[in-house]
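Just below is one structure, and these are the notes that go with it.
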Amino acid sequence: MADRVRKGSKGNERTAWLRSVQGAASETTSGYPARSNLLKRTAVAGLLLLGLAAFFLFDFGQYLTLDALKAQQATIDGFYRANPLLVLAIFFLVYVLLTALSVPGAAILTLAAGAIFGVAAGTVVVSFASSIGATLAFLASRYLFHDAVQARFGARLKPVNDGVARDGAFYLFSLRLVPVFPFFAVNLLMGLTPIRTWTYYWVSQVGMLLGTVVYVNAGTQLAAIETLGDIASPGLLASFAALGLLPWLGKWIRAVILRRRVYARWQRPRRFDRNLVVIGAGAAGLVSSLIGATVRARVTLVEASKMGGDCLNYGCVPSKALIKSARVAQAMRQADRYGLEAADPHFSFRAVMGRIHDVIAAIEPHDSIERYTGLGVDVVKGYARIVDPWTVEIAREDGSSQRLTTRSIVIAAGAEPLVPDLPGLGESGYLTSDTLWEAFARLDEMPRRIVVLGGGPIGCELAQAFARLGAEVTQVERGERLLPREDEDVAAIARAAQEASGVTVLTGHEAVRVENGPDRHLVLSAGGDRKSIGFDALIVAVGRTARLSGYGLEELGIETQKTVVTDEYLATIYPNIYAAGDVAGPYQFTHTAAHQAWFASVNALFGQFRRFKADYRVIPWTTFIDPEVARVGLNEQEAAAQDIPHEVTLFPLHELDRAIADSATTGFVKVLTPPGKDRILGATIVGEHAGELLAEYVLAMKHGLGLNKIMATIHTYPTMAEANKYAAGEWKKRHAPEGLLKLVERYHTWRRG
Numbered sequence: 025m026a027d028r029v030r031k032g033s034k035g036n037e038r039t040a041w042l043r044s045v046q047g048a049a050s051e052t053t054s055g056y057p058a059r060s061n062l063l064k065r066t067a068v069a070g071l072l073l074l075g076l077a078a079f080f081l082f083d084f085g086q087y088l089t090l091d092a093l094k095a096q097q098a099t100i101d102g103f104y105r106a107n108p109l110l111v112l113a114i115f116f117l118v119y120v121l122l123t124a125l126s127v128p129g130a131a132i133l134t135l136a137a138g139a140i141f142g143v144a145a146g147t148v149v150v151s152f153a154s155s156i157g158a159t160l161a162f163l164a165s166r167y168l169f170h171d172a173v174q175a176r177f178g179a180r181l182k183p184v185n186d187g188v189a190r191d192g193a194f195y196l197f198s199l200r201l202v203p204v205f206p207f208f209a210v211n212l213l214m215g216l217t218p219i220r221t222w223t224y225y226w227v228s229q230v231g232m233l234l235g236t237v238v239y240v241n242a243g244t245q246l247a248a249i250e251t252l253g254d255i256a257s258p259g260l261l262a263s264f265a266a267l268g269l270l271p272w273l274g275k276w277i278r279a280v281i282l283r284r285r286v287y288a289r290w291q292r293p294r295r296f297d298r299n300l301v302v303i304g305a306g307a308a309g310l311v312s313s314l315i316g317a318t319v320r321a322r323v324t325l326v327e328a329s330k331m332g333g334d335c336l337n338y339g340c341v342p343s344k345a346l347i348k349s350a351r352v353a354q355a356m357r358q359a360d361r362y363g364l365e366a367a368d369p370h371f372s373f374r375a376v377m378g379r380i381h382d383v384i385a386a387i388e389p390h391d392s393i394e395r396y397t398g399l400g401v402d403v404v405k406g407y408a409r410i411v412d413p414w415t416v417e418i419a420r421e422d423g424s425s426q427r428l429t430t431r432s433i434v435i436a437a438g439a440e441p442l443v444p445d446l447p448g449l450g451e452s453g454y455l456t457s458d459t460l461w462e463a464f465a466r467l468d469e470m471p472r473r474i475v476v477l478g479g480g481p482i483g484c485e486l487a488q489a490f491a492r493l494g495a496e497v498t499q500v501e502r503g504e505r506l507l508p509r510e511d512e513d514v515a516a517i518a519r520a521a522q523e524a525s526g527v528t529v530l531t532g533h534e535a536v537r538v539e540n541g542p543d544r545h546l547v548l549s550a551g552g553d554r555k556s557i558g559f560d561a562l563i564v565a566v567g568r569t570a571r572l573s574g575y576g577l578e579e580l581g582i583e584t585q586k587t588v589v590t591d592e593y594l595a596t597i598y599p600n601i602y603a604a605g606d607v608a609g610p611y612q613f614t615h616t617a618a619h620q621a622w623f624a625s626v627n628a629l630f631g632q633f634r635r636f637k638a639d640y641r642v643i644p645w646t647t648f649i650d651p652e653v654a655r656v657g658l659n660e661q662e663a664a665a666q667d668i669p670h671e672v673t674l675f676p677l678h679e680l681d682r683a684i685a686d687s688a689t690t691g692f693v694k695v696l697t698p699p700g701k702d703r704i705l706g707a708t709i710v711g712e713h714a715g716e717l718l719a720e721y722v723l724a725m726k727h728g729l730g731l732n733k734i735m736a737t738i739h740t741y742p743t744m745a746e747a748n749k750y751a752a753g754e755w756k757k758r759h760a761p762e763g764l765l766k767l768v769e770r771y772h773t774w775r776r777g
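First residue of the sequence shown: 25, per the working numbering; consecutive thereafter.
Pasting the structure below:
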């Protein structure tokens, strides 16, 4: 569904589009099945409400008191002796019905079972009746409320859902063992979680058995009981609470056994040289070592190559310096847009590449050995190898070796360019994002024909930049579109921007081989057809792969897949060895590596007191093409893939005053929210300075602020940041209180007489 929304301001007609996309909770896009399902739920809710109303209207609760039970005990006993099976059946059905309706009285009925049927029969009938009734209440809660609750709070409930999926039986068993937790509340709340029905039933039956025996046995001494407190004494409740800890104690013992088994073949040192050894001085390694030194731990940081890692030397910093030069060149060509005379840029390619290395040199002191040594970190240049869980051997740069024992290790070895297995590629002199900076710095002239293999962020940034500097650039992508992680409308703008910059974009083309010779060619395949592209430089930018070999993972048996396998605390199979950054995944961003480093280092140093799960709920990123593409949280294709109900509010930049003034009207602000709610599920911004504009949404999502808060915040006029406020305003307009506005309109009409 697409609705066109109009908004007037400053004489300009502003337009926006709001698309409402329903996910799994709507269950279907056709009208009849949705209405049918709604009718079924309404019928179930109606029956439950009818049962509750009947219980309280006819005051059935008066029969479920201790005094009433004592008064009627003799009568019920006589009827039971005359009709044992009938009484058992009626009792069973009544017990199931009351517990399914979640009305008070289960404790009295349990006492009645002991008084009437005795301990053995009473325990059996109550055990099954209470478990079946509890399961029915559980199922009713799940049927009526589960989808709505998960749709509304799904992101916030994800840790709870994951915990229940993993340890749900432990949680439930503990709750059932301790009678202080309300029986009905456990039934209703567990229905909102993903625990399996069969698991819920059998754990409930086993968990409640001991309490059932206690209450049924107490019922055999009914005359001596004055209040329910006579049964549930503080001492008894404390005993039950202790029993409730048994499953967790068992789990802890199991973890200790597994931990001892993992460490069994290694000799643990009596003393340690270091509190923490960090392998790799990229973003994750630098932050990990800095945190360790800040809290006065003794830390050694080992780096075999350049301080600052890939970001400073081969990635973020040099590419952004290149992009700036390319944007200036493009601005010169397009100066007539601003009333100036357009001009072809004349430049020295060696000077452009020299500036890039000057930028790296200017930032290097921030990540230098001298700085980190001054902060208290022992920095060692060399190759590290983990010998055992507590020992790191360092082959130092000067040829010597050193062994350090350490309580904890953080692996931050980073990633390297992924190079496809392509015939002829190895002999072609191909370049990657790691090698092109040094190679191009030695050239006086830029290669005339450049082929960029890859349509992801790195490939797009490099292709556009070199095209704007005047190269004939061809960008090849095997998939059907550029930036495949982004929505289709975003990818369409990215492609148009590449082509407008002079890039020949070939999507749906797969590289087959490289033909080497006096004139090198990349051979492509598309739909059975072959195409040959000549090049002077071939840049491979198809992704990056974690560095997983050469530092001892294999010898220790640390599992690796595409990354080092870690748990939610970033620990490997060894609880004292952690991984962070590109080597750990799932994201390969400098800021994410630094984010993970906090969790890895804090857990490594203080995990014996408390450990923190790595939090990936709010991860932003930006692709620095022109216009920039920035995103945080969900986009449309991810929400659809995960069946998350959502609305899409889109504000186009061609309606923004500052964008018009800057001739930067390409792009939009797109925000995803739950249907009818202002909570932000994700935001995508395409446009000039999109990476800067995104920070407002990152902050809002991190701290639970909705679109109403953004709309109520003053934004400076005229700025690009106003686009965020206008997007919030478009959402608000679509959710305006129409009934109240009609009343206000009538009020103003009345005021005019």
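By construction, the Cβ of each residue, glycine as well, lies at the ideal position given by its N, Cα and C atoms.
If distances are taken between C-alpha atoms only, which option among the options comes closest to residue i?
{"i": "Phe152", "options": "Arg166, Glu660, Ala164, Ala137", "result": "Ala137"}
{"i": "Gly398", "options": "Leu314, Leu677, Phe559", "result": "Leu314"}
{"i": "Ile668", "options": "Ile704, Phe692, Thr647", "result": "Ile704"}
{"i": "Thr236", "options": "Ala131, Glu469, Ala724, Gly192", "result": "Ala131"}
{"i": "Ile474", "options": "Val529, Leu674, Ala518, Leu506", "result": "Val529"}
{"i": "Asp191", "options": "Thr217, Val319, Ala487", "result": "Thr217"}
{"i": "Ala367", "options": "Pro644, Gly378, Val352", "result": "Val352"}
{"i": "Phe559", "options": "Leu548, Glu462, Glu365", "result": "Leu548"}
{"i": "Pro699", "options": "Leu442, Lys586, Glu671, Val693", "result": "Glu671"}
Just to confirm my understanding: we take residue i, look at its own chain, exclude 5 residues before and 5 after, and list those with CB closer than 7 angstroms. What are they?
{"i": "Glu746", "result": "Leu680, Arg682, His739"}
{"i": "Asn540", "result": "Gly448, Glu451, Ser452"}
{"i": "Glu440", "result": "Asp458, Arg568, Thr569, Arg571"}
{"i": "Gln620", "result": "Ala308, Leu594, Ala604, Gly605, Ala608, Ala638"}
Pull up the distance between the alpha-carbon of residue i and that of residue j, whole angstroms please.
{"i": "Val150", "j": "Arg634", "result": "41 angstroms"}
{"i": "Ile734", "j": "Asn748", "result": "7 angstroms"}
{"i": "Leu677", "j": "Val710", "result": "9 angstroms"}
{"i": "Val238", "j": "Ser228", "result": "16 angstroms"}
{"i": "Glu417", "j": "Phe296", "result": "14 angstroms"}
{"i": "Glu510", "j": "Thr616", "result": "19 angstroms"}
{"i": "Ala242", "j": "Leu133", "result": "12 angstroms"}
{"i": "Thr459", "j": "Ala663", "result": "37 angstroms"}
{"i": "Leu390", "j": "Arg220", "result": "Residue identity differs from the one stated: residue 390 is His in this sequence, not Leu. Roughly 52 angstroms between the two C-alpha positions."}
{"i": "Glu485", "j": "Lys344", "result": "9 angstroms"}
{"i": "Gly406", "j": "Arg427", "result": "12 angstroms"}
{"i": "Ile255", "j": "Val230", "result": "Bear in mind that a pLDDT of 49 at Ile255, under 50, signals an unreliable position, so the model cannot answer this."}
{"i": "Leu580", "j": "Lys756", "result": "56 angstroms"}
{"i": "Thr647", "j": "Leu506", "result": "12 angstroms"}
{"i": "Ala719", "j": "Val588", "result": "30 angstroms"}
{"i": "Pro742", "j": "Ala521", "result": "25 angstroms"}
Count the other CB atoms within 10 Å of the CB of residue i; is the residue buried (16 or more) or exposed (fewer)?
{"i": "Asp360", "result": "exposed"}
{"i": "Tyr575", "result": "buried"}
{"i": "Ala223", "result": "Here the sequence assigns Thr to residue 223, which means Ala is not the residue at that position. Result: exposed."}
{"i": "Ile140", "result": "buried"}
{"i": "Glu769", "result": "exposed"}
{"i": "Ile582", "result": "buried"}
{"i": "Thr53", "result": "In this prediction, Thr53 scores a pLDDT of 38, lower than 50, which makes its location untrustworthy; the coordinate-derived value is nonetheless stated afterwards. By the neighbour-count rule (16 or more Cβ atoms within 10 Å), Thr53 is not buried but exposed."}
{"i": "Lys34", "result": "Its pLDDT being 40, under 50, Lys34 is placed unreliably in this model, and the value from its coordinates should be taken loosely. Looking at its Cβ environment, which holds fewer than 16 other Cβ atoms inside 10 Å, Lys34 is exposed."}
{"i": "Gln612", "result": "buried"}
{"i": "Thr430", "result": "buried"}
Who are residue i's beta bridge partners in DSSP?
{"i": "Asp468", "result": "Paired residues: none, contrary to the question."}
{"i": "Gln632", "result": "Gln632 pairs with nothing; no bridge assigned."}
{"i": "Tyr407", "result": "Ala419"}
{"i": "Trp645", "result": "Arg655"}
{"i": "Tyr602", "result": "Val434, Ala595"}
{"i": "Val475", "result": "Thr498, Leu562"}
{"i": "Glu662", "result": "Answer is none; Glu662 lacks a bridge partner."}
Is any heavy atom of the ligand FAD found at a distance shorter than 7 angstroms from the C-beta of residue i?
{"i": "Gly363", "result": "As far as ligands go, the structure on display features none, and thus does not contain the ligand FAD."}
Who are the Cβ neighbours of residue i in its own chain at under 8 angstroms, not counting the five residues just before and after it?
{"i": "Lys637", "result": "Pro183, Glu592, Tyr593, Phe623"}
{"i": "Val401", "result": "Ser313, Leu314, Gly316, Ala317, Val323, Thr324, Leu325"}
{"i": "Ser392", "result": "Met331"}
Skipping 5 residues on each side, what residues in its chain have a beta carbon closer than 6 angstroms to that of residue i?
{"i": "Ser349", "result": "Val376"}
Please check if any C-beta of chain B sits within less than 8 angstroms of the C-beta of residue i.
{"i": "Val240", "result": "Note that chain B does not occur in the displayed structure, where there is just one protein chain."}
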